[in-house]
Amino acid sequence: MYRMKKFSRLLVACFLALATFSHAQNLNIGTSRDEADKALPKTYNWKVLDDATVRRTWAQGDRVITADFDDQQGGCIFLSISYPKGIAKSAGQQTLSKLTNGEKLNWKKANSKTKPILGMKDAMHARTALGNLVAVETSSNKVTRISLYRGTPTSNRFDIPDYKPQRNSGLGVSASAGVGAYLVQDETRRKASGQAIAANTPAKPHASVPAADKPATSSTTPAEPRTEIQTEKVSSFVDDMTVIDWIIAGIGLLALLVLFILMFRKKPQPTTPIIVTELDSRHDDEDEDDDEDETDRRK
């Protein structure tokens, strides 16, 4: 029973890892905003930071994905996946393996100087072959955050203030302020176009629906209308089963197997003891009679 419970926890952890990576599989260090616009969902919040970077945040229920984009450095420079309630270490290891392409890393424990830069209390960090820094935060034997940095960070990315527009004075506007204003306009346009595309995207047509026929111009006899056969998908109870349902079904099958073995197991047959006392006494009496007869004959 303990092994089955442990297996069920591992199975749930694997599903959580796959769900996390399904949203972040097209997002990594170096991903540009154009690539993110095409591959990632448009349900994100954004803001421009004071260092002329764009931050996008996807809230996915039990996890939050944060990515900072710097167009001048070639795309995403910071990626963080945080789990407010924590996940199993096995699930975190699977997500980390996907993000680093299964690379074996040399982990080191973060010291008192590195922890404030990473913004983590109990953390381990390592360097990838591309020179990117990877950090993992744990709490109560669970993974609470996975972060990837381009190069080596010098400060906590979550401490960078938001960009604030500056009024144009007689001295003009600084270069960083000009970049920030452009990023605000550009990101506003991207988000608006993404929402418009998502709203105007029609539902996926059924594969069996044929294209509309062009009207015949060379023939005077109109073609007979084509009748489409609509088929409904037959749903099965297996499609509605969740992970917990599969686990309960497996436990039930295991219990039936054990019961079947106990019912048809051969019972040991009791052995019947052989009573030889009476036979031995009779045999002794016959021997004594034979001895007496032999004695009488000699006399």
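Residue numbers -24 to -1, 1 to 275, in mature numbering (1 follows the signal peptide of the UniProt record, and there is no 0), belong to the letters of the sequence shown in order.
We treat Cβ as the ideally placed atom computed from N, Cα and C, and that holds for glycine.
Quick caveat: nothing in here was measured; it's all calculated off a predicted structure.
Is the beta carbon of residue 162 closer than 9 Å to that of residue 25?
no
In this structure, does DSSP put residue 100 in helix, strand or coil?
strand
message = Output needed for residue 133: all residues of its chain with C-beta closer than 7 Å, excluding positions within five of it in sequence on either side, in chain order.
response = 44 and 54
Inset, instruction - Per DSSP, which residues does residue 163 bridge with? Please list them. - result: Answer by DSSP bridge pairing: none, since residue 163 is not bridged.
Check: Since residue 109 sits in a beta bridge, which residues does DSSP pair it with?
Finding: Residue 109 pairs with 103 and 125.
- prompt: Going by other Cβ atoms of all chains shown within 10 Å of its Cβ, with 16 needed for buried, is residue 165 buried or exposed?
  reply: exposed
Review point. What number of angstroms, rounded off, separates the C-alpha of residue 121 from the C-alpha of residue 237?
Key: 47 Å
Nearest-angstrom Cα separation, counted from residue 8 out to residue 280
In this structure the chain extends from -24 to 275, so residue 280 is not present and cannot be described.
* Asked: Using 8 Å as the threshold, is the segment 111 to 130 in touch with the segment 60 to 75, meaning 3 or more CB pairs across them?
  -> yes
ask   = Should residue 70 go down as buried or exposed, given a rule of 16 or more other Cβ atoms within 10 Å for buried?
value = buried
Worksheet item: Would you call the CB atoms of residue 89 and residue 99 closer than 9 Å?
Response: With respect to residue 99, residue 89 sits apart: the two C-beta atoms are not nearer than 9 Å.
C-beta contact flag for residue 170 and residue 13 at 9 Å
yes
Q | C-beta contact flag for residue 220 and residue 106 at 9 Å | A | Annotated as distal: residue 220 and residue 106, with beta-carbon spacing of 9 Å or more.
Residue closest to residue 95, alpha-carbon to alpha-carbon, out of 82, 110, 104 and 83: 110
Review point. Looking only at its own chain, which residues have a Cβ that is under 6 Å from the Cβ of residue 56, when we skip the five neighbours before and after it?
Key: 42 and 123
| task | May I ask you to list the residues that DSSP assigns as paired with residue 85? | result | 100
query: Is it the case that the Cβ atoms of residue 281 and residue 49 are separated by a distance below 9 Å?
result: The structure shown has nothing for residue 281, since the chain only spans -24 to 275.
Residue 2: buried (16+ other C-beta within 10 angstroms of its C-beta) or exposed?
exposed
- Kindly indicate which three-state DSSP category residue 153 falls into: helix, strand or coil? helix
Checklist entry - Roughly how many whole angstroms lie between the Cα atoms of residue 16 and residue 58? => result Between residue 16 and residue 58, the C-alpha separation is close to 18 Å.
Rounded to whole angstroms, what is the Cα-Cα separation between residue 39 and residue 241?
51 Å
Margin query: Using the Cβ count rule (16 or more neighbours within 10 Å means buried), how would you classify residue 29?
Written below: buried
Residue 57: first and last residue of the uninterrupted beta strand (DSSP E) it sits in: 51 to 63
Hey, how far is the Cα of residue -17 from the Cα of residue 233?
Note that residue -17 has pLDDT 47, beneath the 50 cutoff, so the model's placement of it is unreliable and the number below is only indicative. The straight-line gap from Cα to Cα measures roughly 19 Å.
(Q) With the cut-off set at 9 Å, would you say residue 104 and residue 76 are in Cβ contact? (A) yes
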